[in-house]
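J.: Quick one: this structure, given as structure tokens, is what I'll be asking you about.
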Amino acid sequence: MRVESVGYQGSIADAVGQAAEAEQAGFDTWWATETKSDVFLSAAAGAAETGSIRVGTGIAVALARNPMLVAVQANDIQAHSGGRFALGLGAQIKPHIERRFSMDYSSPAARMREFILAVRAIWKAWEESSPLEFEGEFYTHNLMTPMFDPGPNPHGNPPVQLAAVGPLMTETAGEVADGVAVHGFCTERYLREVQLPAMERGREKVGKAMEGFEINTPGFPVIGDTEEEIAAGIAAAKSQIGFYGSTPAYRPVLELEGWGELGEELTRLSKSDGWGAMPELIDDEVLAAFTVIGTPEEAGAELRERYGDVATRVVLASGQVTAPQRERFASALNA
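First residue of the sequence shown: 5, per this note's numbering; consecutive thereafter.
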């Protein structure tokens with residue numbers, strides 16, 4: 005399994021620093037996030053300051069954009085980085101798309117399927133110098149003049165990964181993407197019982213096997229060599245579990261484990277600005293389902309035991325481990 009880094013940057017300067025640090029520490033990929041700065045600008049800046057590490061959008065909110073815009077941006081970063089770019093896309097959840105971005109959220113899985121197919125159709129038109137003719141239910145692209153045609157990308161098209169939680173979006177990822185970005189808020193049971201069968205259905209639709217399809221391990225790994233590092237990691241993991249658990253769209257993960265009432269209480273707290281109280285509701289059983297906890301060797305071995313037969317990559321938060329810790333973790337992960 006590859007070991008990758010995801011950065012929660014607050015500025016483009018943060019992105020540059022995190023990408024460079026990830027490369028120096030030996031990570032295989034650095035993913036920019038779409039939080040407080042534009043994810044494509046962050047990825048482009050990170051690519052410009054590095055020379056070997058893969059950089060990607062982890063993830064870009066697709067339904068706040070259109071396929072042509074994304075096709076152009078991804079093509080530019082792929083060319084500028086020398087073929088080191090990966091396009092990670094996601095639908096986001098309904099409140100953000102409708103209330104933050106003022107866009108339509110109907111039929112998200114169907115929209116994402118069509119969105120990715122449209123992006124690929126645009127790339128194909130550039131690559132083959134052929135007419136652009138994409139007609140869909142949600143997106144139509146049928147105009148491409150020489151002025152706006154960049155031609156074939158010398159490094160080929162970047163791989164596409166689709167973020168997914170529910171079975172329909174996960175099946176869509178299997179059908180039209182090159183990999184799935186499994187949400188951190190996912191347990192081993194949910195991955196194996198819900199998501200893996202959905203991925204396989206999607207691959208079967210297009211006559212493709214699971215081999216070569218990228219899958220990351222879920223959860224929020226807690227890695228450290230001291231009690232202080234472990235304690236800080238557990239506190240951060242509980243906060244993330246509480247935050248994501250409060251989202252009704254992710255409730256099926258908790259319900260499968262028998263923790264539906266926990267999800268309801270977390271949602272109630274989110275509506276009363278009770279974010280600080282959420283970690284107190286995450287007990288040891290819930291924590292264990294969403295994390296591995298230990299030294300780099302212990303965490304790597306546990307992730308290998310849980311997901312070694314299905315996952316191709318592990319994603320750690322930027323700055324979570326030092327370069328020597330990453331090397332120890334990777335050695336145990338791939339022992």
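Ideal Cβ placement from N, Cα and C applies to all residues, glycine included.
Among the residues of its own chain, which have a CB less than 6 angstroms from the CB of residue 171, if the five just before and after it don't count?
T.: Excluding sequence neighbours, residue 171 sits near 198 and 202.
J.: Taking Cβ to Cβ, would you say residue 185 is nearer than 8 angstroms to residue 63?
T.: Contact: yes.
J.: Around the C-beta of residue 40, are 16 or more other C-beta atoms found within 10 angstroms, so that it is buried, or is it exposed?
T.: Burial call: exposed.
J.: How big is the Cα-Cα spacing for residue 312 and residue 7?
T.: Approximately 13 angstroms between the Cα atoms of the pair.
J.: Report yes if the CB atom of residue 140 is closer than 8 angstroms to the CB atom of residue 129, and no otherwise.
T.: The answer is no: Cβ separation not under 8 angstroms.
J.: Determine the DSSP secondary structure at residue 97, reduced to helix, strand or coil.
T.: Three-state DSSP puts residue 97 in coil, outside helix and strand.
J.: Can you name the start and end residues of the alpha helix (DSSP H) that residue 265 belongs to?
T.: Its alpha helix (DSSP H) spans residues 264 to 275.
J.: Mind the definition here: the segment 254 to 263 touches the segment 225 to 244 only if three or more C-beta pairs lie below 8 angstroms; say whether that holds.
T.: With the cut-off at 8 angstroms, the segment 254 to 263 and the segment 225 to 244 do not touch.
J.: Using the DSSP secondary-structure output, state which residues sit across from residue 33 in a beta bridge.
T.: According to DSSP, residue 33 bridges with 8 and 58.
J.: Going by DSSP in three states, residue 13 sits in which element: helix, strand or coil?
T.: Reduced to three states, the DSSP call for residue 13 is coil.
J.: What does DSSP give as the partner residues of residue 185 in its beta bridges?
T.: Beta-bridge pairing links residue 185 to 167.
J.: Could you tell me the distance, in whole angstroms, from the CA atom of residue 94 to the CA atom of residue 75?
T.: In a straight line, the C-alpha of residue 94 is about 15 angstroms away from that of residue 75.
J.: Quick one: any contact between the segment 100 to 110 and the segment 75 to 89, if contact means 3 or more CB pairs under 8 angstroms?
T.: Touching, no.
J.: Let me know the secondary structure DSSP gives residue 161 once reduced to three states.
T.: Three-state DSSP puts residue 161 in coil, outside helix and strand.
J.: Hey, quick one: how far does the alpha helix (DSSP H) through residue 205 stretch, first residue to last?
T.: Residue 205 -> alpha helix (DSSP H) spans 200 to 209.
J.: What runs of the beta strand (DSSP E), each 3 residues or longer, lie entirely inside the segment 309 to 336?
T.: Counting only runs of 3 or more, we get 317 to 321.
J.: Report the residue ranges of all alpha helix (DSSP H) runs contained in full by the segment 215 to 300; include only those spanning at least 4 residues, in chain order.
T.: For the segment 215 to 300, whole alpha helix (DSSP H) runs of length 4 or above, ordered along the chain, are 231 to 249, 255 to 260, 264 to 275 and 288 to 294.
J.: Taking the C-alpha atoms as reference points, what is the distance between residue 211 and residue 247?
T.: When rounded, the distance between both Cα atoms is 38 angstroms.
J.: Ends of the alpha helix (DSSP H) at residue 128?
T.: Counting along the chain, the alpha helix (DSSP H) containing residue 128 begins and ends at 112 to 132.
J.: Determine which residues share a DSSP beta bridge with residue 139 and list them.
T.: BP columns for residue 139 point to 144.
J.: Please list, in chain order, all residues of the same chain as residue 160 whose beta carbon is under 8 angstroms from its beta carbon, the five residues on each side excluded.
T.: Excluding residues within five positions, the ones whose Cβ falls inside 8 angstroms are 82 and 87.
J.: Bridge partners of residue 64, per DSSP?
T.: Answer is 93, bridged to residue 64.
J.: Taking DSSP as the reference, what is the three-state secondary structure of residue 78?
T.: Of the three classes helix, strand and coil, the one that applies to residue 78 here is helix, per DSSP.
J.: Taking the straight line between their C-alpha atoms, what separation do you get for residue 142 and residue 217?
T.: Roughly 27 angstroms separates the two Cα atoms.
J.: Where do the N-terminal and C-terminal ends of the alpha helix (DSSP H) with residue 46 fall, by residue?
T.: Segment 43 to 52, the alpha helix (DSSP H) holding residue 46.
J.: Helix, strand or coil for residue 109, going by three-state DSSP, please let me know.
T.: Reduced to three states, the DSSP call for residue 109 is coil.
J.: For residue 144, collect the residues of the same chain with a Cβ closer than 8 angstroms to its Cβ; drop the 5 residues on either side in sequence, then sort them by chain order.
T.: The residues are 138.
J.: Classify residue 132: buried if its beta carbon has 16 or more other beta carbons within 10 angstroms, exposed otherwise.
T.: Classification for residue 132: exposed.
J.: Are the CB atoms of residue 196 and residue 178 nearer to each other than 8 angstroms?
T.: Not closer than 8 angstroms, so no.
J.: Can you tell me whether residue 174 is helix, strand or coil according to DSSP?
T.: Helix, per DSSP.
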